[in-house]
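Numbering (the UniProt record's numbering), first residue to last: 1 to 490.
Heads up, the beta-carbon is just placed ideally off N, CA and C, and yes, glycines get one too.
Since the model is a prediction, treat every value here as computed from it, not as a measurement.
What follows is a single structure, written as C-alpha cells, with notes after it.
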Amino acid sequence: MANKPQHHSPPSPKPLWGSSSRLPGLFRPRLLIIVGCTFTLLVSACLLVLEFENQNYALRLQLFRPNHYFEKQCYTPLESATERLQHGSPPPVPPPPGGSGGEVKNGDEEEWRFVASRDANNYALNSEQCLAAFPKLFTEIDKSVTQRREANNPITFGEINSRKKLGQGMARAMIYQGELYIVEYGDMMYTATRAKSTLHSLHRALVANADREPLPSIEFHFSADDFVWDDLKLAGGPVWAYSKRDTSDIDLGDVDDSNIWLMPDFGYWAWPEVEIAPYRETRRRIAAVDSEYDDFQAKKKQLLWRGSLNTASELRSGLVEATKNKYWASVRVVDWGDSKSVADNVLPIEDHCRYMFLAHTEGRSFSGRGKYLLNCHSVFITHPLIWREAHHAALISSGPDANYVQVARDFSNLEAKVEYLLDNPQVAERIANNSVETFRDRYLTPAAEACYWRYLIRKYAEVSDFEPKLYDERTKKMRGQPYEQWVLSL
Numbered sequence: 001m002a003n004k005p006q007h008h009s010p011p012s013p014k015p016l017w018g019s020s021s022r023l024p025g026l027f028r029p030r031l032l033i034i035v036g037c038t039f040t041l042l043v044s045a046c047l048l049v050l051e052f053e054n055q056n057y058a059l060r061l062q063l064f065r066p067n068h069y070f071e072k073q074c075y076t077p078l079e080s081a082t083e084r085l086q087h088g089s090p091p092p093v094p095p096p097p098g099g100s101g102g103e104v105k106n107g108d109e110e111e112w113r114f115v116a117s118r119d120a121n122n123y124a125l126n127s128e129q130c131l132a133a134f135p136k137l138f139t140e141i142d143k144s145v146t147q148r149r150e151a152n153n154p155i156t157f158g159e160i161n162s163r164k165k166l167g168q169g170m171a172r173a174m175i176y177q178g179e180l181y182i183v184e185y186g187d188m189m190y191t192a193t194r195a196k197s198t199l200h201s202l203h204r205a206l207v208a209n210a211d212r213e214p215l216p217s218i219e220f221h222f223s224a225d226d227f228v229w230d231d232l233k234l235a236g237g238p239v240w241a242y243s244k245r246d247t248s249d250i251d252l253g254d255v256d257d258s259n260i261w262l263m264p265d266f267g268y269w270a271w272p273e274v275e276i277a278p279y280r281e282t283r284r285r286i287a288a289v290d291s292e293y294d295d296f297q298a299k300k301k302q303l304l305w306r307g308s309l310n311t312a313s314e315l316r317s318g319l320v321e322a323t324k325n326k327y328w329a330s331v332r333v334v335d336w337g338d339s340k341s342v343a344d345n346v347l348p349i350e351d352h353c354r355y356m357f358l359a360h361t362e363g364r365s366f367s368g369r370g371k372y373l374l375n376c377h378s379v380f381i382t383h384p385l386i387w388r389e390a391h392h393a394a395l396i397s398s399g400p401d402a403n404y405v406q407v408a409r410d411f412s413n414l415e416a417k418v419e420y421l422l423d424n425p426q427v428a429e430r431i432a433n434n435s436v437e438t439f440r441d442r443y444l445t446p447a448a449e450a451c452y453w454r455y456l457i458r459k460y461a462e463v464s465d466f467e468p469k470l471y472d473e474r475t476k477k478m479r480g481q482p483y484e485q486w487v488l489s490l
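Here is the structure:
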C-alpha cells in the first residue's frame with residue numbers, strides 16, 4: 001500500500017531580530033538607546049533654530065529700527081543738544097586744502113579734478129569730490145547751521161511735531177537709513193507737480209551714490225510754494241524751501257527767514273506748466289543752440305525778456321518802461337490767459353540763448369527761469385536779488401571774474417550798462433564766458449544739485465538732537481510710506 005503523501009507546513013520565518021525568546025533581553029535596550037538619541041538630536045535642533053531666530057530678530061530690529069526704540073514713540077534722542085551745538089560736529093569729510101579748483105588729492109592716488117564734459121551729469125560724486133568741485137555751493141546751508149549753533153537752538157522732534165496741520169504746498173518727510181519716506185502730504189492744489197519734482201530729485205540724489213555712503217536719519221518739512229508764508233514759517237520748526245529773503249543789503253522791516261533752509265528748486269526735474277523739458281534735456285537743447293554760434297558776436301545784440309506783469313508788477317513794469325522803444329531791447333509782456341499773447345510772445349527757453357543779453361527779474365518770490373538763463377552763453381543782467389537761491393553765492397558782478405551784470409532795482413542805469421557792453425563787445429563776451437564756466441559747467445550741473453541735497457541732509461542732522469523712528473511704538477505701524485510705494489499711489 002502506498003504511503004500517503006505527507007503535508008509539510010512551510011517553515012516559520014525567523015524573527016528579524018533573532019529568536020523571539022531573545023527580544024526582551026536584546027531589542028528593548030537598543031530601542032531605548034535609538035529613541036533617546038533621536039529625541040536628543042531633535043531637541044538640540046529645535047534649540048539651534050530658536051537661537052538663530054532670536055539672533056535674526058535682533059538683527060532685524062537693529063537694522064530697521066533706531067537704538068532705544070521703545071524709549072519714545074517716534075524718535076530717538078541723541079547726545080546733549082547743548083554739547084553738540086557748543087562743540088559742533090566735525091564735517092563728514094574735511095574740505096580739501098585750498099578749497100577750490102575742483103581738485104582732490106589722496107596721497108599717492110591720481111589727482112581728481114571736476115571736468116564738466118565727464119562729471120556734469122554724475123549724480124554720484126562722493127563728499128570729498130563735491131566739496132572740491134563746488135566750494136561756493138553750500139554757503140546758504142552753512143549759514144543756517146551757524147544760526148542754530150550761535151543761538152544754541154537745536155532742531156527737536158517737538159519742534160517738528162508741533163506743526164499739527166500742513167499748509168498749502170507743504171509736506172513732511174523723513175530720511176531713514178538712506179531711504180526716503182513720506183510722513184504727511186498736504187494740499188497741493190497749485191503745487192502738485194512741483195512737490196513731486198522735488199521729491200523725485202531728492203530720491204535720485206539718495207540712490208545715486210555709487211558707494212552708498214551712509215547718511216544720517218532726519219525728519220523735516222518742505223514747501224513747494226514760491227515762498228513760505230509767515231504763519232507757517234514761524235510755527236512748526238524749520239522748513240526747506242526754494243528761496244529765502246536776504247536782508248543784508250535791503251531793509252525789509254521785520255522779515256525773518258532764519259527758519260528757512262534752502263533746497264534746489266523743482267526745475268531740476270522738470271517744469272511742465274511752462275513747457276520746459278526735464279533739466280538735462282533742457283541743458284542739451286541750450287548747448288545745441290549755443291553751438292550754432294561759433295562767434296559770440298553773431299548773437300542778436302539785444303536784451304531779451306518775456307514775462308507777466310501779474311506778479312512783481314512794480315518791479316517788472318520798471319523794466320518795461322526802461323526798454324520801451326529801445327533798439328537794443330526785445331521786451332514783451334505775456335498774458336498767460338490770452339492764447340494769442342502766448343503764441344505771439346512766448347519763446348522756448350533754449351531760444352533765449354540766441355540773444356546776447358538776457359534780463360532777469362524776480363517774481364512772486366524767486367523766478368524759476370533764472371537758472372535756465374544762466375545756462376546760456378549770454379550776458380545775464382538783473383537787479384539786486386532779494387530772494388536767495390542755492391547757487392547765488394557763485395554770482396560775481398564786478399572785476400575780471402564777473403559772470404553777470406547787476407543794474408539798479410528800478411532799472412534806471414540799464415540803458416547805460418547795455419550800451420557800454422555793446423561798445424565793448426570783448427567785455428560782454430568775457431562775462432558770458434565766465435557765466436558758462438561758473439554755472440553751466442559747474443554750479444548748475446545735475447552733479448551739483450545731487451551734491452547739494454546730500455550736504456543739506458548731513459548739515460541738518462548736525463544741528464538736530466533726535467533721530468526719527470521708522471515705527472510708531474504705540475500703533476506698531478510704519479510712520480511714513482516708502483517713497484517708491486507712495487509715488488505709485490498718486
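| Asked | Found |
| --- | --- |
| Residue 330 lies in the beta strand (DSSP E); which residues open and close that run? | 329-333 |
| Rounded to whole angstroms, what is the Cα-Cα separation between residue 129 and residue 217? | 22 Å |
| From what residue to what residue does the alpha helix (DSSP H) around residue 158 run? | 157-161 |
| Tell me which same chain residues have a C-beta within less than 8 Å of the C-beta of residue 479, skipping the five on either side of it? | 74, 174, 181, 183, 468, 469, 470, 471 and 472 |
| Would you kindly work out how many angstroms separate the C-alpha atoms of residue 197 and residue 423, rounded to a whole number? | 43 Å |
| Assign residue 357 to buried or exposed, taking buried as 16 or more other Cβ atoms, counted over all protein chains shown, within 10 Å of its Cβ. | buried |
| Is the beta carbon of residue 239 sitting closer than 9 Å to the one on residue 269? | no |
| I'd like the list of long-range same chain contacts for residue 445, defined as Cβ closer than 6 Å, with 5 residues on each side in sequence excluded. | 120 |
| So within the segment 228-309, which uninterrupted beta strand (DSSP E) runs reach at least 3 residues, ignoring any that extend past its ends? | 239-241, 260-262 and 300-307 |
| When the Cβ atoms of the segment 279-299 are set against those of the segment 370-377, are three or more pairs found closer than 8 Å? | yes |
| Indicate whether residue 322 and residue 414 have their beta-carbon atoms separated by less than 9 Å. | yes |
| Can you grab the Cα-Cα spacing for the pair residue 384 / residue 394, in whole Å? | 14 Å |
| In this structure, does DSSP put residue 216 in helix, strand or coil? | coil |
| Pick helix, strand or coil for residue 364, following the three-state DSSP scheme. | coil |
| In whole angstroms, what separates the C-alpha of residue 320 from that of residue 349? | 20 Å |
| Would you kindly work out how many angstroms separate the C-alpha atoms of residue 147 and residue 344, rounded to a whole number? | 48 Å |
| Since residue 139 is in the alpha helix (DSSP H), which residue starts that stretch and which ends it? | 139-150 |
| Excluding five sequence neighbours on each side, which residues of the same chain lie with their C-beta closer than 7 Å to the C-beta of residue 418? | 303, 328 and 357 |
| Return helix, strand or coil for residue 203, following the three-state DSSP convention. | helix |
| Quick check: the Cα distance between residue 88 and residue 331, rounded to an integer number of angstroms? | With a pLDDT of 47 at residue 88, under the threshold of 50, the predicted position of this residue should be treated as unreliable, though the coordinate-derived value follows. Distance between the alpha carbons of residue 88 and residue 331 is about 50 Å. |
| Can you confirm whether the segment 390-410 touches the segment 423-438 when touching is taken to mean that 3 or more C-beta pairs between the two stretches lie within less than 8 Å? | yes |
| Just tell me which of 195, 160 and 167 has its CA closest to the CA of residue 219. | 160 |
| Given residue 362, which residues of its chain have a CB within under 7 Å of its CB, disregarding the five upstream and five downstream residues? | 312, 315, 385, 386 and 387 |
| With 16 as the cutoff for other CB atoms within 10 Å, does residue 336 come out buried or exposed? | exposed |
| In this structure, what does DSSP give as the bridge partners for residue 455? | Bridge partners of residue 455: none, in fact. |
| Taking Cβ to Cβ, would you say residue 145 is nearer than 9 Å to residue 449? | no |
| Measuring alpha carbon to alpha carbon, tell me which of 325, 341 and 355 ends up nearest residue 299. | 355 |
| If distances are taken between C-alpha atoms only, which option among 308, 291 and 272 comes closest to residue 341? | 308 |
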